[in-house]
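*Asks:* This is the structure I have questions about; it appears just below.
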Amino acid sequence: MAGKYGSINRAAQEKLDLDRMMSNHGASCQTTDSATKSHTTMMRSWRPAACRPMFLFVLLLTVSVPAGYAEDKDDKAASSGDSADATVKLDGTFEAIRQFEVTADNKHLTELVIERIVPSGTNVTQGQTLVWFETEPLNDKIRSAESDLAIARLDLKSDEFAHEQFLKQQSLDKAKARRTRDEAQQNYDNYQRVDRERAIKQAKFSLESSQFSLESATEEFRQLEQMYKEDDLTEESEEIVLRRAKRAMESAQFSLDRAQIQHDRTIKQSIPRDDANQEEALARAVIEYEKALHAMGIDKQKRELELQRKRIKLEQQAEKFDEMRAERKKVVLKSGLDGIFVYGSVTRAKLPAKPVELKKGTSVSGKQVIGTVLDPSKLQVRVELPETQLKAIHVADRCKVVPKGIADAELDGVVKSIGIVPLTAGKYDCIVSLRGKALAGVLPAMTCELQFAQANQKAADGAEKKDEASK
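According to our numbering, the stretch in the sequence shown is residues 186 to 656, in order.
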């Protein structure tokens with residue numbers, strides 16, 4: 186209804202404009218009458234007849250203006266705007282499906298100096314040499330590694346000889362430890378079988394001997410004393426003999442006392458102490474023997490493991506030397522396919538942010554990507570799809586691919602894949618495959634615009650409402 190009212194107002198406005206035009210025309214007619222008085226009567230007679238058809242023409246024009254003319258004009262403008270809004274446009278980059286990274290991929294010869302390199306942007310063929318390295322630094326490192334390997338082999342021979350001597354010495358140490366243990370066992374057995382009993386008997390025999398000596402001396406003194414009483418010997422002789430006998434008796438008594446003490450000590454102290462000492466000596470000997478065997482076993486295992494580690498290290502060193510000699514053959518790097526050689530690494534169809542400068546004397550690492558060969562014959566488009574467009578763009582959707590650097594060029598594309606997780610904040614990885622014949626001027630890393638035609642639901646809803654209103 187608002188559209189109809191708007192069209193009526195516009196028609197009325199056009200009618201007013203025409204009325205103003207007629208008024209101006211009438212004023213011009215009156216000026217002509219005043220200038221030519223001779224025609225005044227004639228003009229008054231025919232002016233109403235001349236103005237009447239003009240008024241009818243204006244009225245007819247006002248009535249004949251269609252009521253939906255302005256509405257159709259607005260709908261066309263709105264439809265044109267909606268069509269423009271329905272096309273989703275994204276920026277993309279052409280990516281070579283087949284790429285070959287030019288790198289030495291060295292593990293050991295990592296300090297490389299460029300002697301010569303093909304300029305960036307050169308069309309190259311498979312097997313063509315792209316990079317040449319200086320050889321003298323590589324030769325020096327290989328010679329040093331060869332010398333280190335020879336020294337390591339000599340060191341291993343020395344260690345193996347020392348290990349053989351160690352095993353022989355360890356055999357002697359084991360025999361000595363065994364003898365020490367056996368000696369302790371033998372001493373213990375001798376003590377238990379002979380020495381202990383003999384010590385007891387010796388103490389007892391000494392005591393008995395002392396008692397016998399005392400008894401003999403006492404008896405002799407008593408007999409002498411009895412004899413001297415009955416004999417006619419002089420008093421001086423009797424005193425001398427009796428004094429000697431008494432002295433012998435006292436000495437025997439002292440010896441008996443000493444033997445008694447020694448006997449008691451032997452039975453009560455020495456024998457128990459010797460029993461404990463012999464038990465301890467045997468136990469210690471057994472422990473020392475086991476300890477020596479255990480220590481020698483551990484030492485042997487350690488030395489064998491150390492020797493094995495050195496053997497493995499020598500093998501690794503020899504393997505490293507062989508790898509270095511193999512890496513030495515990479516003094517030149519060749520292309521793995523036909524294409525365009527560019528400096529640096531190409532990541533997701535994009536060249537390095539800063540220009541890569543490579544020339545004679547430039548140092549590069551063994552794992553560094555020096556350049557990339559891009560095959561322009563097979564391309565796809567890499568897109569960073571905004572998260573806001575995930576609802577609009579889907580796998581298998583078709584689009585128009587318009588290269589930005591080529592005029593009047595257009596390719597057909599279809600969405601091949603869309604990343605599940607964001608590539609960066611709010612950006613998803615999207616790959617668009619190209620259909621049809623490729624354009625000769627389209628090269629990898631060139632940019633393009635992708636145009637996705639979307640069904641405009643808003644325009645469709647407006648058309649339905651219009652149809653309902655017209656009914």
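Glycine included, each C-beta is placed from N, C-alpha and C at the ideal position.
Buried or exposed, going by whether 16 or more other CB atoms sit within 10 Å of the CB of HIS448?
*Replies:* Position 263 of the sequence shown holds residue 448. With 16 or more other Cβ atoms within 10 Å, it is buried.
*Asks:* Looking at the strands, I want to know which residues DSSP matches up with GLU280.
*Replies:* Position 95 of the sequence shown, counted from the start, is the residue given in the question as residue 280. Note: GLU280 sits in a beta bridge opposite GLN565.
*Asks:* Quick check on the DSSP output: what are the complete alpha helix (DSSP H) runs of length 4 or more inside the stretch 389–464, in order along the chain?
*Replies:* 420–450
*Asks:* Runs of 4 residues minimum, wholly inside the stretch 539–589: which ones carry the alpha helix (DSSP H) assignment?
*Replies:* Entirely contained in the stretch 539–589, not one alpha helix (DSSP H) run reaches 4 residues.
*Asks:* Taking the straight line between their C-alpha atoms, what separation do you get for ASN372 and ILE472?
*Replies:* Position 187 of the sequence shown, counted from the start, is the residue given in the question as residue 372. Position 287 of the sequence shown, counted from the start, is the residue given in the question as residue 472. About 16 Å.
*Asks:* Drop a sphere of 10 angstroms on the beta-carbon of GLU368, count the other beta-carbons inside from all chains shown, and report buried for 16 or more, exposed for fewer.
*Replies:* Translated into the one-based positions of the sequence shown, residue 368 becomes position 183. Label assigned to GLU368: exposed.
*Asks:* Sorted by chain position, which residues of the same chain lie with C-beta nearer than 8 Å to ALA466's C-beta, five sequence neighbours on each side aside?
*Replies:* By one-based count along the sequence shown, residue 466 stands at place 281. Closer than 8 Å at the Cβ level, and outside the excluded window around ALA466, lie ALA369, ASN372, TYR373.
*Asks:* In or out: VAL287 buried (at least 16 other Cβ within 10 Å) or exposed?
*Replies:* As a position in the sequence shown, residue 287 is number 102, starting the count at 1. Under this definition VAL287 is a buried residue.
*Asks:* Which stretch, first to last residue, makes up the alpha helix (DSSP H) that contains GLU331?
*Replies:* Translated into positions along the sequence shown, residue 331 becomes position 146. Counting along the chain, the alpha helix (DSSP H) containing GLU331 begins and ends at 321–375.
*Asks:* State the DSSP-derived secondary structure class of ASP290, mapped to helix, strand or coil.
*Replies:* As a first step, residue 290 is located in the sequence shown; it is residue number 105 there, counting from the start. Three-state DSSP puts ASP290 in coil, outside helix and strand.
*Asks:* Quick one: Cα of GLU464 to Cα of SER455, how far?
*Replies:* Against the sequence shown, residue 464 aligns to sequence position 279. Against the sequence shown, residue 455 aligns to sequence position 270. Straight-line Cα distance between these residues: approximately 14 Å.
*Asks:* Can you tell which of ARG583, SER520, ARG488, PRO537 has the C-alpha that lies nearest to the C-alpha of GLN663?
*Replies:* One cannot answer for residue 663 here, as it falls past the ends of the chain, which runs 186 to 656.
*Asks:* Is the CB of LEU357 under 7 Å away from at least one CB in chain D?
*Replies:* Included in the structure is just one protein chain, with no chain D present.
*Asks:* CB VAL586 to CB CYS615, shorter than 7 Å?
*Replies:* Start at 1 with the first residue of the sequence shown, and residue 586 comes out as number 401. Start at 1 with the first residue of the sequence shown, and residue 615 comes out as number 430. No. Outside cutoff.
*Asks:* What do you get for PHE439, buried or exposed, if any count of 16 or more other CB atoms within 10 angstroms of its CB means buried?
*Replies:* As a working mapping, residue 439 is identified with position 254 in the sequence shown. Exposed, since its Cβ has fewer than 16 Cβ neighbours within 10 Å.
*Asks:* Report, in whole angstroms, the separation of the C-beta atoms of LEU619 and GLY590, which I expect to be a contact under 8 Å.
*Replies:* Walking along the sequence shown from the start, residue 619 turns up at place 434. Walking along the sequence shown from the start, residue 590 turns up at place 405. Between the beta-carbon of LEU619 and that of GLY590 there is about 16 Å, and that puts the pair past the 8 Å contact cut.
*Asks:* In the DSSP assignment, what are the bridge partners of PHE526?
*Replies:* What you label residue 526 is simply residue 341 of the sequence shown in a count that begins at 1. Note: PHE526 sits in a beta bridge opposite THR307, VAL558.
*Asks:* Report yes if the C-beta distance between VAL309 and PHE526 is below 7 Å; otherwise report no.
*Replies:* Residue 309 sits at position 124 when you count from the first residue of the sequence shown. Residue 526 sits at position 341 when you count from the first residue of the sequence shown. Going by C-beta atoms, VAL309 is nearer than 7 Å to PHE526.
*Asks:* I want to know whether the stretch 476–496 touches the stretch 358–365 - three or more CB-CB distances under 8 Å.
*Replies:* yes
*Asks:* In terms of alpha-carbon separation, which member of GLU424, GLN396, PHE397, SER395 lies closest to LEU409?
*Replies:* Translated into the one-based positions of the sequence shown, residue 409 becomes position 224. Taking each of GLU424, GLN396, PHE397, SER395 in turn and checking the Cα distance to LEU409, the smallest one comes out for GLU424.
*Asks:* Assign TYR528 to one of two classes, buried (16 or more other C-beta atoms within 10 Å of its C-beta) or exposed (fewer than that).
*Replies:* Position 343 of the sequence shown, counted from the first residue, corresponds to residue 528. The residue in question, TYR528, is buried, as its Cβ has 16 or more Cβ neighbours within 10 Å.
*Asks:* Between the C-alpha atoms of ARG366 and GLY482, what's the straight-line distance to the nearest angstrom?
*Replies:* Position 181 of the sequence shown, counted from the first residue, corresponds to residue 366. Position 297 of the sequence shown, counted from the first residue, corresponds to residue 482. Approximately 18 Å between the Cα atoms of the pair.
*Asks:* Compare the Cα-Cα distances from THR307 to each of HIS579, SER394, ALA444, THR557 and report the closest residue.
*Replies:* Taking the sequence shown and counting its residues from 1, the one referred to as residue 307 is at position 122. Comparing Cα positions, the closest option is THR557.
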